[in-house]
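Everything below concerns the one structure shown next.
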Amino acid sequence: MPSKNRHLWVGILALLCVVSFQLLNIYVLHMHEDEELSYRATNGDIAFAIHWQTSLEDNQAPGWFVTFAVWRGLVGDSEFASRIMALLLSTLALAITFKLGRRWFGVWGGALALIVLIGNGFYFQYAYDIRPYPMVMLVTALSFWAFDNWLQRNTFRRALIYGTSTALMLYVHYLLVFVVAAQTIYLVLAHRLTLRRIAYGIAAGMLAALLFAPWFTVFVSQVQHLRNVEAASGTGRGAAGIGVSTQATNWATILNLLNVASNGLIVVYGLLIIIGVTLLWRRRKFWLALTWSVLAPAIYLLANTVAAVYAPRFVSHMMLGIGLVVGASIAALELPARWRRIPIKPILALMIVVSNLLTFNASLPVRIPYRDLYRAISSVSQPGDVVLFNRAGEENGYVQYLYRTWMSPELVANLTTDETVASSSRRIWYVTGDLFHQDVQAMFERLEPTHPVQYVVGQCDRAWCYVLQLMQAPPNSEPLVFGGVLSFYGADIELSASRQVDLRLWWRVDDPPLLDYSIGLQLVDAAGTLIAQADGAINHYGRETVQTSHMQPGQIYIDHRTLTLPENASAGTYSLVLVVYQSWDGARLTLTDGSDRLVLDELVLSD
């Protein structure tokens, strides 16, 4: 196979490895609040997306939002479809990164630049973000490609292509101007500045300014608007930027960036970069990779001391540069002659990937998994269920978007914040994001006596708190009373495909009986022959045995029972019969009509 084709297949294989990992883990990420803003800002055509920015509803460059609006119109609004768009953009960025790596450090350098990103949580998160950052990666990679082309051959045409790529970056994210600053510093320090190079550089800058000019007044208006808003709210920091959503430059911020960029493996990544500097310090292309991975984020952090312009997401494009640096460092390693048979390059790459994978879950942001929670209750909901929100994000546009997206339409239609409305329903999904708040606890205590908890989804701990509790009333509002002491409020009956009958019997007493009665559940055929039975004390929630003499007044007890039909049970009609009796002599308690048995239901078995 020709060398060029072999190199192409190596790149394709490396790209497939990264993309396969991304696809296999597409549902690991959950949406964050800014992603909902992306939907809000593109809830229409291209003109709507542009107007959203020009009317100062947001403070973003328009490039990604226009693209997202077109994508939504063509593909749809689902979270999956949106992340696929992000994947396509970041995959194109990876392809360009491989091309640069192969050009600068050989095919091993290009392939390893991609491979070492497998399992890196920082790259994974922003390569899938439903925000501009996947496109930021793409346009930054394009810029370095155009910049390198111009450095290789100082022609007017290549300079103008670089200028065009600069304007493209600014149309995607304003802060990418710091990448241009890093490239300029590299140019000054690493290349001889001839008059021709300077002239072409000025021409590239002028073209970028000319191309960005139509949007420049909007940009200025957005900056002024932000300053006014933050001055009024008291959240401003520095001369410009967004103080409320950025981080101040300090040692903790720098350490955090190093930690997230390395999946917590600062020492490992640091050693590899030191190896690269030691082996490749004479290679200008290695310093260009460091410009992307180190100098550019350093400029963000430095500028952040006078303006609020740094957050980790803004520099997520650096991961492509880090991939190039680490890939080049590994590719440059050569063992002594007697150890040459050891495949040190793939071994080191595999070690990094395994380390990334071991720390992958811990490297991802902690977010409430609204999607999974809402889908979980929708899958077990029944007609007539009511969803009761109490401090559950009912006034938050982000949460509203998510429940409208992931809850079943029936549950959304029956969502309320009114306790009185909800309490009239038999089944209430009581939802809260503040489980221990006194108002939440007070409402629970009012509901629980008539609607005991049956099922709980979610958690409330240090990581996150969002709990959805199914609170259910008995089937019957009025009881049938056995022996004048034991009130029966009905049964929920379910016949499974495996000929197993699952029941929940609902009991309550005003005063606990003096004796311990046995409750018998029987399945009899048309002739009255006993086919199956389950006798004993109350099996509360299927977990706790409660004798009738120990029942608490006013509390509802839910007795879980299971009847398994014999394999030889023939087709026909069977009766489910409930009796309450004294275990020591078999005497049955009677109902108010004098009968000593209650037929709960008729079951029809077919062949």
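So in my numbering, spot 569 of the sequence shown is number 570, and the numbers just go up one at a time. Cβ atoms here follow ideal geometry from the backbone N, Cα and C, with glycine treated the same way. Computed from a prediction, not measured in an experiment: that's the story for all the values here.
For V181, the number of other beta carbons within 10 angstroms of its own is at least 16, and it is reported as buried.
Taking every protein chain shown into account, the CB of D386 has 16 or more other CB atoms within 10 angstroms, so this residue is buried. Under the three-state reduction of DSSP, D503 is assigned to strand. Beta bridge pairing from DSSP links Y467 with Q460. The C-alpha of N121 is placed about 28 Å away from the C-alpha of W407. For T451, there is no enclosing beta strand (DSSP E), as DSSP marks it with neither H nor E.
Counting of Cβ neighbours within 10 angstroms places Q223 among the buried residues, the total reaching 16 or more. Looking at the backbone, the Cα of A42 and that of R368 are separated by about 22 Å. The stretch 131 to 139 makes contact with the stretch 83 to 92: 3 or more CB pairs, one atom from each, lie closer than 8 Å. Each of A333, H52, Q248 was checked against the Cα of I274, and the nearest Cα belongs to A333. If you keep only unbroken alpha helix (DSSP H) runs of at least 4 residues inside the stretch 206 to 280, you get 252 to 262. The beta carbon of T591 sits closer than 8 Å to those of F483, G484, D597, all from its chain and outside the five residues before and after it, given in chain order. A check of alpha carbon separations from H438 across I186, G277, R392 identifies R392 as the nearest. For S317, same chain residues with a beta-carbon under 6 Å away, outside a window of 5 residues either side, are Y127, Y134 in chain order.
Contact check for Y187 and T360: beta-carbon distance about 31 Å, past the 8 Å limit, so the pair fails to qualify. The continuous stretches of alpha helix (DSSP H) do not include D560, which lies in the beta strand (DSSP E) extending over residues 558 to 565.
Look at the stretch 346 to 405 and you find these whole runs of alpha helix (DSSP H), each 4 residues long or longer: 361 to 364, 371 to 381. Burial is judged here by how many other beta carbons sit within 10 angstroms of a residue's own beta carbon; W430 has at least 16 and is buried. L604: member of the beta strand (DSSP E) spanning 599 to 606, first to last residue. For Y431, DSSP records a beta bridge to L389, Q470. Per DSSP, the continuous beta strand (DSSP E) segment holding Y582 begins and ends at 573 to 582.
In the three-state reduction of the DSSP assignment, L531 falls in the strand class, which pools E and B. Fully contained in the stretch 80 to 166 is no beta strand (DSSP E) run of length 3 or more.
Shown here for E603: same chain residues with a beta carbon closer than 8 Å to its own, the five before and five after excluded, namely T574, Y575, S576, L577 in chain order. Excluding the 5 residues flanking it on each side, E58 has same chain C-beta neighbours closer than 8 Å at A42, in chain order. Under the three-state reduction of DSSP output, V76 falls in the helix class.
For the pair T98 and G324, the CB atoms are nearer than the 9 Å cut-off. When DSSP states are grouped into helix, strand and coil, W508 belongs to the strand group.
The continuous stretches of alpha helix (DSSP H) do not include F489, which lies in the beta strand (DSSP E) extending over residues 487 to 496. Around the beta carbon of H192, fewer than 16 other beta carbons sit within 10 angstroms, so the residue counts as exposed. As a beta-bridge residue in DSSP terms, D536 pairs with G521. Relative to S246, the option among G202, L296, F315 whose CA is nearest is F315. One alpha carbon belongs to A82, the other to Y175, and they sit about 26 Å apart. Sequence-distant Cβ neighbours of A147 in its own chain, meaning closer than 7 Å and more than five residues away, are I162, Y163, S166. Listed in chain order, the beta strand (DSSP E) elements of length 3 or more contained wholly in the stretch 11 to 79 amount to none.
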